[in-house]
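For reference, the structure is listed below as structure tokens.
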Amino acid sequence: MSGVKGKSGRKPGFKNPNAGRPEKSKENKKVTLSIRISPENLKWLNENIKNKSEYIDNLLINERNKK
Numbered sequence: 001m002s003g004v005k006g007k008s009g010r011k012p013g014f015k016n017p018n019a020g021r022p023e024k025s026k027e028n029k030k031v032t033l034s035i036r037i038s039p040e041n042l043k044w045l046n047e048n049i050k051n052k053s054e055y056i057d058n059l060l061i062n063e064r065n066k067k
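Next comes the structure, spelled out in structure tokens:
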């Protein structure tokens with residue numbers, strides 16, 4: 001029965017606007033990440049690591065590359 005109300009499926013002529021587009025590169029996308037560091041670990045970081053942000057970046061990169 002065509003024309004029955006309330007039975008809207010996919011409309012004819014619907015096109016996926018993203019179909020066939022290559023996925024955008026995520027290489028240069030900047031991401032902000034919040035991490036919590038325990039007081040003991042922060043003390044160790046402060047005593048042993050000169051460039052803390054670079055050290056943490058490298059830890060995250062290594063973790064990501066494991067997968």
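Numbering of the sequence shown is given in the UniProt record's numbering, commencing with residue 1 and proceeding in unit increments. Beta carbons: idealized from backbone N, C-alpha and C, even for Gly.
Item to check | Spatially closest choice to residue 31 from 62, 57, 63 and 66, by CA coordinates | outcome: As a first step, residue 31 is located in the sequence shown; it is residue number 31 there, counting from the start. It is 57.
Checklist entry - When the distance is taken between beta carbons, is residue 49 closer than 8 Å to residue 55? => result Here residue 55 refers to the residue found at position 55 of the sequence shown. Here residue 49 refers to the residue found at position 49 of the sequence shown. Contact flag set, yes.
Item to check | Selection from 29, 40 and 34 that minimises the alpha carbon distance to residue 53 | outcome: Position 53 of the sequence shown, counted from the first residue, corresponds to residue 53. Minimum Cα distance to residue 53 is reached at 34.
Checklist entry - For the alpha helix (DSSP H) that contains residue 56, what are its first and last residues? => result Residue mapping note: residue 56 aligns to position 56 of the sequence shown, counting from 1. Looking at the DSSP string, the run of the alpha helix (DSSP H) that includes residue 56 is 52-66.
Checklist entry - Roughly how many whole angstroms lie between the Cα atoms of residue 15 and residue 29? => result In the sequence shown, residue 15 corresponds to position 15, counting from 1. In the sequence shown, residue 29 corresponds to position 29, counting from 1. Residue 29 has its alpha-carbon roughly 28 Å from the corresponding atom of residue 15.
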